[in-house]
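In the working numbering, the protein residues as written are -4 to 320. Cβ atoms here follow ideal geometry from the backbone N, Cα and C, with glycine treated the same way. Okay, so here's the structure we're looking at.
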Amino acid sequence: MNWKLHRRKFCRLAAGTAVLPILSRIASAQAYPTRPVRVVVGYAPGIAPDVTARLVAQSLSERLGQQVNVENRLGAGSNIAAETVVRAAPDGYTLLLMTVTNAVNATLYKGLHFDIVRDIAPIVLTFRAPNVLVVNPSVPAKTLPEFIAYAKANPGKINYPSDGIGSMPQVTCELFKVMAGVDLVHVPYRGSYLPDLLSGQMKVAFSSIVTTIPYIRAGQLRVLAVTSATRSDALPDVPTIGEFVPGYEANTWHGIGAPKSTPAEIISKLNTEINAVLADPQTKERFAKLGGTAIGGSSAEFAKFIDSEIEKWGKVIRAANIKVE
-4 MNWKLHRRKF CRLAAGTAVL PILSRIASAQ AYPTRPVRVV VGYAPGIAPD
46 VTARLVAQSL SERLGQQVNV ENRLGAGSNI AAETVVRAAP DGYTLLLMTV
96 TNAVNATLYK GLHFDIVRDI APIVLTFRAP NVLVVNPSVP AKTLPEFIAY
146 AKANPGKINY PSDGIGSMPQ VTCELFKVMA GVDLVHVPYR GSYLPDLLSG
196 QMKVAFSSIV TTIPYIRAGQ LRVLAVTSAT RSDALPDVPT IGEFVPGYEA
246 NTWHGIGAPK STPAEIISKL NTEINAVLAD PQTKERFAKL GGTAIGGSSA
296 EFAKFIDSEI EKWGKVIRAA NIKVE
């Protein structure tokens, strides 16, 4: 009889012990955050990923009741920033500003010490914007069909710049080259190529709408098309490339991720709060001024989207034989 009583007590204690870690995680998630949170951005201050990260961080700070700081960690095509977060404690206090570059890098870089799908937990897709196909006003083409004809008449003679090997301006243009049947020559830059594009040394570029829209509005660059599937609200009179090159689509996007083992309760809380930030009319207006759209959605939807982007840009990288030196 005593043995049965001891056994029941032991089972109750064992069950209680098993529940303790779960209760501890729930309590931690409910209390989270109790100190400042940092969002690691692999780009320089003032450019599109940094700008959108700071806009989200500002509003998220108010909602969480703790400061959300942006930390710029440049280098290796944003891989240093990603690895910083991969190696961080999975406690919700170190987050990653994810971009389309992370999807590109998954195929482009062979020796990474991390896997963006395996090692980063997607939280939410925050921002999407088209790139724009712009030309210096000295280029005779006034429309996209005219530019395609101009490029076909001058194969291998028209240079286009990018931020570096495998950067969005390059892979976006390489996709266009294949689908439009034109031969443009890639010129990678270590710094900004905008001065050379504005001066006419570079004739055409596939640039971020966030970066180039001031120059488009000032008449310093001529925009021929946007790269999204539908026209941009920021440039409603500008056609999409897909209107002339069926099936073409390429977008810049940003989102938030965390180290893979971050508790599900914290991921869920961040997803809820960031979605609330993105639904705010003020955030939508700010993103619209940048030429983009506030997105939002579930973590699962973001994960599926990342997978599709890795597959898409992997095909482009292999077809164009893009390799980092």
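- Ranked by Cα distance from V205, the options Q196, M197 and V221 are led by V221.
- Inter-segment contact for the segment 84 to 97 and the segment 182 to 194 is absent: fewer than three beta-carbon pairs are separated by less than 8 Å.
- Looking at the DSSP output, I115 bridges to P254.
- In the DSSP assignment, Y155 falls within the beta strand (DSSP E) that extends over I153 to S157.
- Spanning the alpha carbons of S162 and V99 requires a straight line of approximately 8 Å.
- For the alpha helix (DSSP H) assignment, the uninterrupted runs of no fewer than 4 residues enclosed by the segment 123 to 198 are, from N- to C-terminal side, 139 to 148, 163 to 175 and 189 to 194.
- For the pair A116 and L128, the Cα-to-Cα distance works out to about 33 Å.
- With three or more CB-CB distances shorter than 8 Å, the segment 118 to 128 counts as touching the segment 244 to 258.
- Pairwise C-beta distances place the segment 43 to 51 in contact with the segment 276 to 283, as three or more of them are shorter than 8 Å.
- Contact between the segment 28 to 46 and the segment 82 to 90 is present: three or more C-beta pairs spanning the two stretches fall below 8 Å.
- The beta carbon of Y145 sits closer than 6 Å to the beta carbons of A136 from its chain, once the five residues preceding and following it are set aside; these are given in chain order.
- Taken in chain order, the unbroken stretches of alpha helix (DSSP H) that lie wholly in the segment 54 to 105 and span 4 residues or more are 74 to 81 and 95 to 103.
- Contact between L192 and N131 holds: their C-beta atoms lie close to 6 Å from each other, under 8 Å.
- Look at A298 here: in three-state DSSP terms it is helix.
- In its chain, beyond the 5 residues on either side, F109 and D114 have a beta carbon closer than 6 Å to the beta carbon of V81.
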